[in-house]
Amino acid sequence: MSLTLENAQVDDPQGRRILGPLSLQLSESRIGVVGNNGCGKSTLLRLLAALQMPSQGCVRGFGTTTQEQGEQWPRWVGVVFQNTDHQLLFPTVIEELAFGMKQLGWPDAEARAQQALAERPGWAYRRVHELSGGEKKWVCLRAVLLMQTQVLLLDEPSSGLDQGQRRQLRAELAGLEQQQIIASHDPQDLQHCERVIWLEQGRVRAEGAASEVLEAYLDA
Amino acid sequence: MLSLYSLPETWWHRRRAGSKLLALCVLCVLLWWWPVFLWLLLPLSWAALCSLGPQGRNTLRWLLRLWPWWLAVVLWQTWVGQWELGLTVVARWATLLACASVLTLSTRLDALMAVVQRILPGVSGRRFAIALALVVRSVPQLLDGYRARELAWRARSLRPARHQLIAPWLVDTLRDSDHVSLALQARGGSRGLPALPSSTIGDN
Numbered sequence: 005m006s007l008t009l010e011n012a013q014v015d016d017p018q019g020r021r022i023l024g025p026l027s028l029q030l031s032e033s034r035i036g037v038v039g040n041n042g043c044g045k046s047t048l049l050r051l052l053a054a055l056q057m058p059s060q061g062c063v064r065g066f067g068t069t070t071q072e073q074g075e076q077w078p079r080w081v082g083v084v085f086q087n088t089d090h091q092l093l094f095p096t097v098i099e100e101l102a103f104g105m106k107q108l109g110w111p112d113a114e115a116r117a118q119q120a121l122a123e124r125p126g127w128a129y130r131r132v133h134e135l136s137g138g139e140k141k142w143v144c145l146r147a148v149l150l151m152q153t154q155v156l157l158l159d160e161p162s163s164g165l166d167q168g169q170r171r172q173l174r175a176e177l178a179g180l181e182q183q184q185i186i187a188s189h190d191p192q193d194l195q196h197c198e199r200v201i202w203l204e205q206g207r208v209r210a211e212g213a214a215s216e217v218l219e220a221y222l223d224a
Numbered sequence: 167m168l169s170l171y172s173l174p175e176t177w178w179h180r181r182r183a184g185s186k187l188l189a190l191c192v193l194c195v196l197l198w199w200w201p202v203f204l205w206l207l208l209p210l211s212w213a214a215l216c217s218l219g220p221q222g223r224n225t226l227r228w229l230l231r232l233w234p235w236w237l238a239v240v241l242w243q244t245w246v247g248q249w250e251l252g253l254t255v256v257a258r259w260a261t262l263l264a265c266a267s268v269l270t271l272s273t274r275l276d277a278l279m280a281v282v283q284r285i286l287p288g289v290s291g292r293r294f295a296i297a298l299a300l301v302v303r304s305v306p307q308l309l310d311g312y313r314a315r316e317l318a319w320r321a322r323s324l325r326p327a328r329h330q331l332i333a334p335w336l337v338d339t340l341r342d343s344d345h346v347s348l349a350l351q352a353r354g355g356s357r358g359l360p361a362l363p364s365s366t367i368g369d370n
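Chains as they are written, first to last, in the working numbering: chain A, 5 to 224; chain B, 167 to 370.
In structure tokens, the structure reads:
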């Protein structure tokens, strides 16, 4: 089951084109989206997460489109936002982890959240506000993973992390089964992707194997 | 939902949410009609707060930081010739705030919401609980944001900031709230996910 963009484009309220039109079939298990700031990476992720509707065209997946059933998208597509402070909604770690599962209607949400914290004793009632940047990122990722979505969208996953935390995060992501679509301007985040899409001014400038596209991006 | 709920578990945690809420209501009425009880209940309520462990003691410290406000009330009442009334009002506040803190620190938010829903059947406890949790989570973040701006100001200015930081801080707060609403939407929104139509292929 892959996500597909069909002539999808996004215009701002003044009618200026922000993204597209893009027609892409996103079927590989690891897809990278690279590009400079403002090229449309985050907008693309928001489209794929049904957090924004295309001005024209559509985003298709799971037997439907975001226009038809966008409110169901969180069942299938999880998002890890760039800024952890924007993503963390609740005061304590356990509430944050359990929330997504409660939204899915799972009765044992809190027990599952406790289980996920087995390797981090004493974390359940920690205030998210007091966590370090790396710890916040861990909570954000874990909260989305617990929802067991089929697709994981990651917006600049390594931003705000030190080298050790970046390595740890990449190792964790490499071990996951679900499809990942990673938007980053750090080529290191994308070197293991099967396919990399290079966006420039809202359009695809190049796409293909990670080594080729990333090299071209770095040379540009 | 936990929000202000704090551990370790104490005698207060094992009491039912409904009974604690009812006790708080009775106390409010009692202190209104028979303020003579205040001088007994004030130390008792503070002791109860301290018995909740570090979080309780922390909350009491926060309450004590309100002293300038309390002093202002007493001074005002003294000025209008009713210093006893000023003391009573302050003691009533201090007692009830301590009791309300005992309630919120020892009761899970969803348990409290269940009681509220029983009393007011039309109210969406879930949405109210999410809203309340968001407020609790946002306050320290907003304060941090303001402090960061203040530091940035001090680093480049010889005079302390007054009203100048309020407008940019508010604009940033509004922008942040947009991001937070997106994050909430990404996990099903405040109403939760609707039931999956049978025609849809994907499932979870």
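The beta carbon of each residue, even a glycine, is placed where N, CA and C say it ideally should be.
| Asked | Found |
| --- | --- |
| Neighbour list for B:D342 in chain A, Cβ cutoff strictly below 7 Å | H90 |
| Alpha-carbon to alpha-carbon, A:A210 and A:L28 | 12 Å |
| Option in A:A117, A:A12, A:C43, A:L145 with minimal Cα separation from A:T69 | A:A12 |
| Beta-carbon neighbours of B:L350, restricted to chain A and to distances below 7 Å | L93 |
| A:L11 - DSSP class collapsed to helix/strand/coil | Here the sequence assigns Asn to residue 11 of chain A, which means Leu is not the residue at that position. Strand at A:N11. |
| Start and end residues, beta strand (DSSP E) containing A:R34 | 34-38 |
| Proximal residues of chain D, C-beta to C-beta of A:N87 below 8 Å | No chain D is present in this structure, whose protein chains are A and B. |
| C-alpha gap between B:L362 and B:R353, whole angstroms | 15 Å |
| Sequence-distant residues of the same chain with beta carbon closer than 7 Å to A:L241, five excluded per side | Not covered by the structure: residue 241 of chain A. The range shown for chain A is 5 to 224. |
| Nearest-angstrom Cβ-Cβ length linking A:I201 and A:P161, presumed shorter than 8 Å | Going by Cβ atoms, the distance from A:I201 to A:P161 rounds to 16 Å, so no, they are not a contact pair. |
| Burial state of A:L7 (16 or more Cβ within 10 Å) | buried |
| B:T176, DSSP secondary structure in three states | coil |
| Proximal residues, the region 285-309 of chain B versus chain A, C-beta separation under 7 Å | A299, L300, V302, R303, P306, Q307 |
| Contact set for B:T254: own chain, Cβ-Cβ below 8 Å, skip 5 residues either direction | P201, L204 |
| Sub-8 Å separation of A:E10 and A:G67 beta-carbons | no |
| Assigned exposure category for B:I296 - 16 Cβ within 10 Å defines buried | buried |
| Three-way DSSP call (helix, strand, coil) for A:T69 in this model | strand |
| Residue environment, B:W233, which counts as buried when at least 16 other CB atoms sit within 10 Å | exposed |
| Test: B:M167 CB closer than 8 Å to a CB of chain A | With a pLDDT of only 47 at B:M167, under the threshold of 50, the placement of this residue in the model should not be trusted, and no figure is reported. |
| Bridge partner(s) assigned by DSSP for A:C62 | A:E10 |
| The region 92-100 of chain A touching the region 45-54 of chain A, judged by at least three CB pairs closer than 8 Å | no |
| Extent of the continuous alpha helix (DSSP H) to which A:E219 belongs | 214-223 |
| Residue from A:H189, A:D223, A:E216 whose Cα sits closest to the Cα of A:S46 | A:H189 |
| Min CB distance A:Q4 to chain B below 8 Å | What is shown of chain A runs 5 to 224, which leaves residue 4 of chain A out entirely. |
| Interfacial residues, the region 72-84 of chain A to chain B, with Cβ spacing under 7 Å | Q73, E75, Q76, P78, R79, W80, V83 |
| For A:Q205 and A:D16, the rounded distance between their alpha carbons | 14 Å |
| Exposure of B:L289, with buried meaning 16 or more beta-carbon neighbours within 10 Å | In the sequence on display, residue 289 of chain B carries Val and not Leu. Exposed, by the Cβ-count rule. |
| Within-8 Å CB hit, A:E216 to chain B | no |
| Three-pair Cβ contact test at 8 Å for the region 176-193 of chain B versus the region 272-280 of chain B | yes |
| As assigned by DSSP and simplified to three states, the class of A:P25 | strand |
| Local conformation of B:R181 per DSSP, three classes | coil |
| Residues near A:A117 by beta carbon distance below 6 Å, same chain, minus five either side | I98, L101, A102 |
| Per DSSP, the bridge partner or partners of A:E123 | A:E123 pairs with nothing; no bridge assigned. |
| Exposure label - A:L93; buried when at least 16 CB within 10 Å | buried |
| DSSP beta-bridge partners of A:E204 | A:R207 |
| Straight-line Cα distance separating B:A314 from B:N370 | Below a pLDDT of 50, predicted positions are generally treated as unreliable, and B:N370, at 47, falls in that range; no measurement from the model is reported. |
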